[in-house]
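Report on one structure; see the data block that follows.
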Amino acid sequence: MFIELEVIFNNIGSFKEVNYSFSPEGEELISSDVNVISRIENRAGIVTFKGKANFVLKALCDRCAEEFTRDMTVDFEHVLVTELQSDDNDDFILVENMKLDVDSLIREDIILSLPSQLLCKEDCKGLCHICGANLNEKQCGCKKPVDARLAVLMQLLDDDN
Numbered sequence: 434m435f436i437e438l439e440v441i442f443n444n445i446g447s448f449k450e451v452n453y454s455f456s457p458e459g460e461e462l463i464s465s466d467v468n469v470i471s472r473i474e475n476r477a478g479i480v481t482f483k484g485k486a487n488f489v490l491k492a493l494c495d496r497c498a499e500e501f502t503r504d505m506t507v508d509f510e511h512v513l514v515t516e517l518q519s520d521d522n523d524d525f526i527l528v529e530n531m532k533l534d535v536d537s538l539i540r541e542d543i544i545l546s547l548p549s550q551l552l553c554k555e556d557c558k559g560l561c562h563i564c565g566a567n568l569n570e571k572q573c574g575c576k577k578p579v580d581a582r583l584a585v586l587m588q589l590l591d592d593d594n
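Per the numbering used here, residue 434 is the first one in the sequence shown, and the count goes up by one each step.
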């Protein structure tokens with residue numbers, strides 16, 4: 434969705450509510466439409482774009498490999514400008530031709546806000562590294578392997594019994 438912002442950039446105190454939904458194509462982790470509730474506002478000549486994006490995350494757990502879904506909310510805030518003084522400034526969003534591509538900006542915000550490790554729950558126990566059992570569902574009877582450097586000490590313990 435492109436939004437025309439010439440009126441907002443040229444009139445201090447003007448604002449626009451942007452509430453809509455879009456379907457993020459090509460994003461496998463998002464299993465629903467993204468619902469956006471936002472506001473673009475010119476306050477004292479500074480144009481800001483802030484709001485929330487709500488969606489359903491669908492992913493495989495990085496520890497136990499089970500599929501899970503979770504409702505997510507991403508808060509965002511950007512300062513919009515029509516020109517940049519230098520190319521290496523990431524604090525501002527350049528709005529070319531007074532039109533803002535809201536979908537791609539929010540899609541980028543969502544991707545950058547996702548955690549580096551996706552877990553089905555905070556205390557996911559993962560899989561047994563020996564037999565592969567899901568430790569969230571049952572405890573396996575596997576014995577932890579002894580470090581070869583400590584095997585001699587284990588023999589001392591066995592000799593005492």
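From the three backbone atoms N, C-alpha and C, an ideal C-beta is built for every residue, glycine too.
DSSP-derived helix/strand/coil call for residue i
| i | result |
| --- | --- |
| ALA566 | coil |
| ILE526 | strand |
| ARG540 | helix |
| ALA492 | strand |
| LEU623 | This structure cannot speak to residue 623, because the chain is shown only from 434 to 594. |
Between the CA atoms of residue j and residue i - distance to the nearest angstrom
| i | j | result |
| --- | --- | --- |
| ILE563 | ALA492 | 24 Å |
| LEU551 | LEU589 | 43 Å |
| THR481 | CYS553 | 35 Å |
| THR515 | LYS485 | 23 Å |
| VAL467 | SER454 | 5 Å |
| ALA566 | THR506 | 32 Å |
| ASN487 | ARG472 | 15 Å |
| LEU527 | LYS577 | 55 Å |
| CYS561 | CYS573 | 8 Å |
| LEU547 | PHE525 | 21 Å |
| CYS497 | ASN475 | 47 Å |
| LEU583 | ASN569 | 30 Å |
| ASP542 | ASP508 | 9 Å |
Identified DSSP bridge partners for residue i
| i | result |
| --- | --- |
| PHE455 | VAL467 |
| MET531 | DSSP, once it has assigned bridges, lists no residue as partnering MET531. |
| ALA486 | VAL469 and VAL507 |
| PHE474 | It should be noted that the sequence gives Glu, not Phe, for residue 474. BP columns for GLU474 point to PHE448 and THR481. |
Buried/exposed call for residue i, threshold 16 Cβ in 10 Å
| i | result |
| --- | --- |
| ASN443 | exposed |
| ILE544 | exposed |
| ILE657 | Because the chain spans 434 through 594 in this model, residue 657 falls outside it and cannot be assessed. |
| SER456 | exposed |
| ILE539 | buried |
| ILE463 | buried |
| CYS575 | exposed |
| LEU438 | buried |
| VAL535 | buried |
| LEU533 | buried |
Contact test: residue i Cβ vs the ligand NAP heavy atom, cutoff 7 Å
| i | result |
| --- | --- |
| LYS558 | Although the ligand NAP was asked about, the structure shown includes no ligands whatsoever. |
Residue i: first and last residue of the uninterrupted beta strand (DSSP E) it sits in
| i | result |
| --- | --- |
| VAL579 | Counting along the chain, VAL579 falls outside any beta strand (DSSP E), and DSSP gives it neither H nor E. |
| GLU500 | 500-514 |
Bounding residues of the alpha helix (DSSP H) (the contiguous stretch that carries residue i)
| i | result |
| --- | --- |
| GLU439 | 439-443 |
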